[in-house]
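Asks: Taking numbering that gives the first Met the number 0, the leading residue of the sequence shown gets 0, the next gets one more, and so forth.
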Amino acid sequence: MGKTVFRILAYIAIVVAAVGVILPLLPTTPFVLLAAFFASKGSPEFAQWLEGHPKFGPAIEQWRTNRVVPVQAKVLACSMMAISWAILIFSGMSGVVVAVTGMFFIGIACFLVSRPTF
0 MGKTVFRILA
10 YIAIVVAAVG
20 VILPLLPTTP
30 FVLLAAFFAS
40 KGSPEFAQWL
50 EGHPKFGPAI
60 EQWRTNRVVP
70 VQAKVLACSM
80 MAISWAILIF
90 SGMSGVVVAV
100 TGMFFIGIAC
110 FLVSRPTF
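#1: If you drop the 5 nearest sequence neighbours on each side, which residues of the same chain put their C-beta closer than 8 Å to that of V31?
#2: Please report how far the alpha carbon of T28 lies from the alpha carbon of E44, in whole angstroms.
#3: By Cβ distance, which residues of its chain are closer than 7 Å to F104, with the 5 residues on each side in sequence left out?
#4: Are the CB atoms of N65 and P26 within a distance shorter than 8 Å?
#5: Pull up the distance between the alpha-carbon of H52 and that of A35, whole angstroms please.
#6: Taking the beta carbon of A38 as the centre, do at least 16 other beta carbons fall within 10 Å, making it buried, or is it exposed?
#7: In whole angstroms, give me the CA-to-CA distance for K73 and C109.
#8: Given V70, which residues of its chain have a CB within under 7 Å of its CB, disregarding the five upstream and five downstream residues?
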């Protein structure tokens, strides 16, 4: 049962990553890394395919070996979080939602920015 759940999560994450290749507002790299993690737990064949993929493979390899995140992924992720937070503010969400989401986004941004780049 556990491997099946990881396999399904890996496929969902790679579909979202593939959509991110097409849509400029959706980051690809975090979802590829997530798919690689889930695939390594649930589907060694899919994990091997991801690692060998010409577009996704280098990002996975760089993360696993050096814990680096591409500059483009950092900029895009931080920009999307800022835009999402602004949408929450301007759509009239409660102050608690805006504050909690803002703290969560700041934590993620700090983690991303603190990672080395390649």
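C-beta: ideal position from N, C-alpha, C; glycine also.
Replies: According to the structure data:
#1: If you number the sequence shown from 1, residue 31 lands on position 32. The residues are A12, I13, A16, L49, F55, A58, I59.
#2: Position 29 of the sequence shown, counted from the first residue, corresponds to residue 28. Position 45 of the sequence shown, counted from the first residue, corresponds to residue 44. Going by the C-alpha atoms only, they are around 20 Å apart.
#3: The residue given as residue 104 occupies position 105 in the sequence shown. Counting only Cβ-Cβ distances below 7 Å, and skipping sequence neighbours, we find M80, W84.
#4: By one-based count along the sequence shown, residue 26 stands at place 27. By one-based count along the sequence shown, residue 65 stands at place 66. No, the Cβ-Cβ distance between P26 and N65 is not below 8 Å.
#5: If you number the sequence shown from 1, residue 52 lands on position 53. If you number the sequence shown from 1, residue 35 lands on position 36. One C-alpha to the other measures close to 11 Å.
#6: For the purposes of this step, residue 38 is taken as the residue at position 39 of the sequence shown. Answer is buried; the Cβ neighbour count reaches 16.
#7: Locating residue 73 in the sequence shown gives position 74, counting from the first residue. Locating residue 109 in the sequence shown gives position 110, counting from the first residue. Rounded to the nearest angstrom, the two C-alpha atoms are 10 Å apart.
#8: Working through the sequence shown from its first residue, we reach residue 70 at position 71. For V70, where only same-chain residues beyond five positions count, the Cβ hits under 7 Å are T116.
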